[in-house]
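Numbering (our numbering), first residue to last: 0 to 423. Virtual Cβ for every residue (Gly too), placed ideally from N, Cα, C. Because the structure is a prediction, the values reported are computed rather than measured.
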């Protein structure tokens with residue numbers, strides 16, 4: 000029978016050669032096999048030639064590059080005044096909080112009062128010494144050791160001290176004048192007494208006068224001479240004692256000034272420490288004290304200052320199993336959780352620093368803190384740049400290298416082969 004004269008059901012019962020003639024094999028099967036073979040060869044070739052990136056993913060947060068400035072008290076104190084609020088922008092040096100340690104003002108006041116008293120004493124003593132040398136009225140001037148303390152003394156107190164100094168000097172002058180008068184009297188009477196004694200001595204030689212009369216006159220001359228010497232000694236002693244007392248007071252006051260100046264400086268430093276100021280321009284965050292009169296402990300954080308306009312970085316924590324792939328200088332991309340990266344994109348970054356030792360994380364185990372520098376400080380949102388604020392959560396994808404696709408197939412086989420036929 001001619002080909003094609005059999006029905007399909009009848010052709011199945013013909014010999015194999017005639018059956019293939021009457022009902023040839025569909026070419027779809029051959030082309031499918033060819034397609035599978037071509038795809039297999041192409042996949043193997045691509046697996047050998049093609050490479051994919053090795054990406055290390057680490058979670059972290061945005062931080063300022065110069066770190067957050069924590070404001071705390073150096074000692075236990077109560078809050079006197081609060082000058083800022085949460086989120087407020089502050090300038091460097093601006094007063095944030097005033098604290099009161101209780102004894103700070105009292106210590107400062109006592110030290111300043113002691114310094115003023117010592118300054119006045121030193122000024123009086125120095126003026127008296129100068130007056131004794133010049134033999135003129137003393138003039139009260141500020142002591143060179145404490146010019147600042149002298150400026151704090153009220154003019155009325157200076158005038159009162161000047162009057163007191165004038166009184167002391169007048170007492171000295173009165174005593175000196177009495178001695179000068181006594182010296183002058185003796186100097187005037189002594190020549191007359193000496194001359195009278197010589198006359199009586201001459202008469203005694205001629206036996207015109209009794210020896211007793213000459214003896215009395217000679218004794219009077221000797222007494223006058225002794226009174227003159229005594230008056231001169233007392234005058235010198237008055238000058239010496241007055242000068243010595245003034246110098247002793249000056250030395251004592253100078254020592255007190257030196258000591259109290261240090262006390263005043265320490266009290267001033269302590270007072271300044273009770274006034275907490277901003278160290279940088281920034282924004283107030285995490286303000287923990289809101290009650291005037293509340294007590295704060297030493298080293299207790301009261302607030303944080305986020306530096307304004309400072310470059311931001313990412314502090315990420317890389318798992319122990321991935322740290323071997325990460326190196327300084329590798330490129331990365333940051334995905335800000337606040338902004339959907341599929342809509343707003345990512346931010347390029349560079350690995351800046353890797354910690355040399357691991358830290359323990361309760362959930363992940365050992366992790367390595369890594370600093371990643373962002374190449375941009377803002378991200379475009381709806382056509383407007385939005386600054387990255389410290390504290391934002393971030394996922395960092397670090398490009399740690401590349402790998403052939405076939406390695407993903409061969410690596411398990413190589414590992415199992417090397418571990419096979421061994422027993423522990």
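Query, Result
"Inter-residue spacing [alpha-carbon to alpha-carbon] between residue 135 and residue 295", "60 Å"
"Residue range of the unbroken beta strand (DSSP E) whose run includes residue 460", "Outside the shown range of the chain (0 to 423) lies residue 460, about which nothing can therefore be said."
"Terminal residues of the alpha helix (DSSP H) in which residue 317 lies", "Unbroken run through residue 317 is the beta strand (DSSP E), 311-318; no alpha helix (DSSP H)."
"Run of the alpha helix (DSSP H) containing residue 340, from where it starts to where it stops", "340-343"
"Paired residues, beta bridge with residue 384 - DSSP", "379"
"Helix, strand or coil at residue 362 according to DSSP, with G and I counted as helix", "coil"
"Whole-angstrom distance between residue 409 and residue 48, CA atom to CA atom", "14 Å"
"Residue 218 versus residue 224: straight-line alpha-carbon distance, rounded", "10 Å"
"Touching by the beta-carbon criterion (3+ pairs, under 8 Å), the segment 355-374 and the segment 315-334", "yes"
"Beta-carbon separation (whole angstroms), residue 372 vs residue 348, contact threshold 8 Å", "6 Å"
"In DSSP terms, what residue 394 is bridged to", "58, 334"
"Nearest residue (CA-CA) to residue 332, options 305, 393, 286, 288", "393"
"Close-in-space but distant-in-sequence residues of the same chain around residue 315 (CB under 6 Å, 5 per side omitted)", "57, 59, 369, 371, 395"
"Beta-carbon proximity of residue 287 to residue 307, cut-off 8 Å", "no"
"Reduced DSSP category for residue 307 - H, G, I as helix; E, B as strand; rest coil", "coil"
"Pairwise C-alpha distance: residue 155 and residue 113", "18 Å"
"Sequence-distant residues of the same chain with beta carbon closer than 8 Å to residue 182, five excluded per side", "227, 230, 231, 234"
"Residue 236 classed as buried or exposed, judged by whether at least 16 other C-beta atoms fall within 10 angstroms", "exposed"
"Nearest-angstrom Cα separation, counted from residue 249 out to residue 177", "27 Å"
"Simplified DSSP state of residue 32, which is helix, strand or coil", "helix"
"With 16 other Cβ atoms within 10 Å as the buried cut-off, status of residue 335", "buried"
"Distance CB(residue 313)-CB(residue 281) smaller than 8 Å", "no"
"Collapsed DSSP secondary structure at residue 180 in the structure displayed", "helix"
"DSSP state of residue 99 mapped onto helix, strand, coil", "strand"
"Contact test: residue 352 Cβ vs the ligand HEM heavy atom, cutoff 7 Å", "In the structure shown, the ligand HEM is absent, as is every other ligand, since no ligand is present at all."
"Residue burial classification, residue 118 (beta-carbon count within 10 angstroms, cutoff 16)", "buried"
"Beta-carbon proximity check, residue 299 vs residue 285, cutoff 8 Å", "no"
"Where residue 153 falls, given that 16 or more other Cβ within 10 Å makes a residue buried", "exposed"
"Length at least 3, wholly inside the segment 250-295: the beta strand (DSSP E) runs in chain order", "274-276, 281-284"
"Closest Cα partner of residue 189 within the set 159, 221, 161", "221"
"For residue 278 and residue 90, believed in contact at Cβ under 8 Å, the rounded distance", "Contact doesn't hold; Cβ gap of about 11 Å is too wide."
"Residue closest to residue 266, alpha-carbon to alpha-carbon, out of 88, 158, 110", "110"
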